[in-house]
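> Protein chains in written order, with the working numbering: chain A, 1 to 434; chain B, 435 to 779. This structure is in structure tokens; I'll ask about it shortly.
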């Protein structure tokens, strides 16, 4: 294994493991804040218990999200030295701003929330969890603006042998970054909605604390449905932006080999990258790909063959990840719609409850697939069109990377198992007695 | 690259972030590495955990921000240091990961063996993180073999030279006294007295090793050069010495908060002493001064530094304000009843 492959694998492990915890942090902070707000507004003790119960699960999840996030900051320097040197002028500042604006806020107020039940008035205590939610979501914005810049670099100028900031405003208003933000945060909210619905389903199936879990369920079902629908809309816009700015990624996502006007979409495709074609194409819908990518049935969509082989991303992985992600996204719309319709008498729909319990892992898978599309689909570039991944890697020894990669896999596996064990344990235990 | 004032501003802000980090995370690292010495039974252990409970996470953010600021303000320095000190930094990273989860997981199971194991993880990761930070900074003070291409030669074991090891020992003692005086400030009962006694016992060692380190710095580093050029800088080591003396005085006269603040003053003085001596280097080269990584040859563009300065000047005061509020409201005396229940570690 060479340093490049090892470092790529290590970053993939670090990022994907980190993202097992991030979405629930983003969404469950908001849901906990909503429950606590309902308590402050209505005085209903069940909502206080809900805030405490879901908040405890939040804390267990948050711990790993935080510590695995540090890894990513370190990785840019340890494994991607020339990347850091080449684009740090633009990219580094976004990370520093993220830390200054968001990390202090969320880490300070999660402690205020955790330790403040007896010390603060209900309103102030509720404010603390809102600040946590705001802090973690601001953090998502800045890190996604940073990633958005890697996807579609703007507002820079080449000077002194590196990319230097030319317009902070352009970097801040990069449409790619904002679309990634809406897309990622909505995904996180869907995941959190399904997580809460799934845990509620577990208890409702056992007829445990039915009133309590129905109240939690109602909020989560609405939350999940709103963002599942929004995700379809913003996901489409995001795709159209990819079509505009990253033609190689779009072609790989759709496994489109030939450049075509009025490009069709196929319900089923199996790519054959070796022969630069698709082995199977079934269920043709004429012009749909052109329409989705460029909002015109006759628009031209670039095929992979228009690009040199060494500028194409891995097609099979990008294509499959994208298809599966979209399929799951549609499933979330249907499931959350069904759950929303039944939300007031959910305890009677045992089939739906069973489905929701089994669905807990699905949004996790969708999130990971989404990141595969974003990051694998960007290859061979680390900054699209500007710097290749192979140019970015640090001058370190393969042995070092092998040791650290192994350590990450071992440690993360162990900690992941413990964390999910604790989450399951406290989720099953249910809320404190009224 | 042209020289500009923002490079100096960011060196100062970089120093402020590191100082903030050592003063704040220093006490929870110290409490962590002293855990087995401080606390006998479960109640005392929980008292130590909850003494740092509401603060440790936000304290660690100072490190993340210091790292982020290095990346943003001096990207070349960040790139060279992080790739060149690969093994040491990943070890530090794993320590931080283990420390964080140990705190969160430890009290989530009743099983005494589970708790004992996490206690051990917490102590060892706190200790190793402290040693690594000390060794790393001492080696930066001393200079590393950075070549013309910005590659650091020699592996992690070359960091374990006498001066580097002395730096590690110094950090352990400094954070231990700092942590013990924090626990002294927050604990009640037997633990309160135990923490005070321990801080008093460690103090002479801290003082002796500090004096040794300052003297060794004459031999191993060029830190003192800036001092003879600008004698006003002597205020920093004097602050550290004042902090030392006051820590002892206040520990003796049983003024807990004052002793912790004095210990904080020691750390502020010590870090400022080192960094003022380092300037304008961020990473001196032991091969040739021409290869040293300085604020002038590693900084971001003036525009980036200006944007970052604006962000820092707006948001750091806000952050300091809410942090101060939290310290004021959440650092009262802990009784034995305070450390059990759902709302604590």
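Ideal placement from N, C-alpha and C gives every residue a C-beta, glycine not left out.
Residue 717 (chain B): which of B:656, B:639 and B:557 sits nearest, CA to CA?
Of B:656, B:639 and B:557, the residue nearest in Cα terms is B:656.
> Evaluate residue 784 (chain B) with the Cβ neighbour count: other Cβ atoms within 10 Å of its Cβ, from every protein chain shown; 16 or more gives buried, anything less gives exposed.
Within the shown structure, residues of chain B are numbered from 435 to 779, placing residue 784 (chain B) beyond reach of any answer.
> Taking 8 Å as the cut-off, decide whether the C-beta atoms of residue 112 (chain A) and residue 145 (chain A) are in contact.
Cβ atoms of residue 112 (chain A) and residue 145 (chain A): not closer than 8 Å.
> Name, please, each residue of chain B whose Cβ falls closer than 7 Å to the Cβ of residue 108 (chain A).
The contacting residues are 492, 756, 757 and 760.
> So that I know if they touch, is there some Cβ in chain B lying closer than 8 Å to that of residue 431 (chain A)?
Chain B contact via Cβ: absent.
> Given that residue 48 (chain A) touches chain B, what residues does it touch there, using C-beta distances under 8 Å?
Result: empty, since nearest Cβ-Cβ is about 12 Å, beyond 8 Å.
> Is residue 284 (chain A) helix, strand or coil by DSSP?
Residue 284 (chain A) falls in the strand class under three-state DSSP.
> Report yes if the CB atom of residue 225 (chain A) is closer than 8 Å to the CB atom of residue 321 (chain A), and no otherwise.
Not a contact, by the Cβ cut-off of 8 Å.
> For residue 286 (chain A), I'd like the list of residues in its chain whose CB is within less than 6 Å of its CB, leaving aside the five on either flank, ordered along the chain.
Closer than 6 Å at Cβ, skipping near neighbours: 264.
> Return the CA-CA distance between residue 671 (chain B) and residue 680 (chain B), expressed in angstroms with no decimal places.
One C-alpha to the other measures close to 14 Å.
> Can you pull out the residues from the stretch 583-595 of chain B whose beta carbon lies closer than 9 Å to at least one beta carbon of chain A?
Result list: 583, 584, 585 and 589.
> Against chain B, does residue 89 (chain A) count as a neighbour if the rule is that its beta carbon must be under 8 Å from one of theirs?
Output row for residue 89 (chain A): interface = yes.
> Counting only beta-carbon atoms, is residue 18 (chain A) nearer than 8 Å to chain B?
It does not; no Cβ of chain B falls within 8 Å.
> May I ask you to verify whether the stretch 356-363 of chain A touches the stretch 382-394 of chain A, counting CB pairs closer than 8 Å and requiring at least 3?
Touching, no, given that fewer than three Cβ pairs across the two stretches are closer than 8 Å.
> Rounded to the nearest angstrom, what separates residue 396 (chain A) and residue 719 (chain B) at their Cα positions?
Computed Cα separation, rounded: 19 Å.
> Kindly list the residues whose CB is nearer than 8 Å to the CB of residue 770 (chain B), restricted to its own chain and excluding five residues on each side of it in sequence; keep chain order.
Cβ within range, chain order: 477, 481, 622 and 623.
> Would you tell me roughly how many angstroms separate the C-alpha atoms of residue 82 (chain A) and residue 507 (chain B), rounded to the nearest one?
Cα to Cα, residue 82 (chain A) sits roughly 16 Å from residue 507 (chain B).
> Suppose you measure from the CA of residue 737 (chain B) to the CA of residue 635 (chain B); what does that come to, to the nearest Å?
Those two C-alpha atoms are separated by around 51 Å.
> Would you mind reading off the limits of the beta strand (DSSP E) that contains residue 156 (chain A)?
156-159 is the span of the beta strand (DSSP E), which, as asked, contains residue 156 (chain A).
> Report yes or no: is there a C-beta of chain A within less than 8 Å of the C-beta of residue 620 (chain B)?
Answer no: the Cβ-Cβ gap between residue 620 (chain B) and chain A never drops below 8 Å.
> Opposite residue 748 (chain B) in the DSSP bridges: which residues?
DSSP, once it has assigned bridges, lists no residue as partnering residue 748 (chain B).
> Quick check on the DSSP output: what are the complete alpha helix (DSSP H) runs of length 4 or more inside the stretch 18-70 of chain A, in order along the chain?
As far as the stretch 18-70 of chain A is concerned, its whole alpha helix (DSSP H) runs of at least 4 residues are 22-42.
> I'd like to know if residue 738 (chain B) contacts chain A, where contact means its C-beta is closer than 8 Å to some C-beta of that chain.
Cβ-Cβ to chain A under 8 Å: yes for residue 738 (chain B).
> Short of 8 Å in beta carbon distance, which residues of its chain neighbour residue 398 (chain A), apart from the five on each side in sequence? Order them along the chain.
Excluding sequence neighbours, residue 398 (chain A) sits near 1, 2, 3 and 6.
> Is it the case that the Cβ atoms of residue 394 (chain A) and residue 732 (chain B) are separated by a distance below 8 Å?
No, these two residues do not count as a Cβ contact at 8 Å.
> Quick one: give me the first and last residue of the alpha helix (DSSP H) that residue 421 (chain A) is part of.
Looking at the DSSP string, the run of the alpha helix (DSSP H) that includes residue 421 (chain A) is 398-429.
> Starting from residue 381 (chain A), follow the beta strand (DSSP E) in both directions and report where the run begins and ends.
Element bounds for residue 381 (chain A): 381-383.
> Could you please give the first and the last residue of the uninterrupted beta strand (DSSP E) stretch that includes residue 268 (chain A)?
It spans 265-272 - the beta strand (DSSP E) in which residue 268 (chain A) sits, taken as one unbroken run.
> Classify residue 11 (chain A): buried if its beta carbon has 16 or more other beta carbons within 10 angstroms, exposed otherwise.
Result: buried.
> Could you give the distance in angstroms between the alpha-carbon of residue 502 (chain B) and the alpha-carbon of residue 683 (chain B)?
Looking at the two C-alpha atoms, the distance is approximately 38 Å.
> To be precise: take each residue of the stretch 52-78 of chain A, compare its Cβ to all Cβ atoms of chain B, and keep it if any distance is under 9 Å. Which residues remain?
So the close ones are 52, 56, 59, 60, 62, 63, 64, 66, 67, 68, 69, 70, 71, 73, 74, 75, 76, 77 and 78.
> Quick check: the Cα distance between residue 151 (chain A) and residue 245 (chain A), rounded to an integer number of angstroms?
Their Cα atoms are separated by approximately 8 Å.
> Mind checking residue 748 (chain B): buried by the 16 CB within 10 Å criterion, or exposed?
That one is exposed.
> Quick one: Cα of residue 773 (chain B) to Cα of residue 114 (chain A), how far?
Roughly 13 Å between the two C-alpha positions.
> Under a Cβ-count criterion, where at least 16 other Cβ atoms within 10 Å of its own Cβ denotes burial, should residue 488 (chain B) be classed as buried or exposed?
Buried, by the Cβ-count rule.
> Sort A:314, A:121, A:409 and A:352 by Cα distance to residue 37 (chain A) and report the nearest one.
The shortest C-alpha separation from residue 37 (chain A) is found at A:121.
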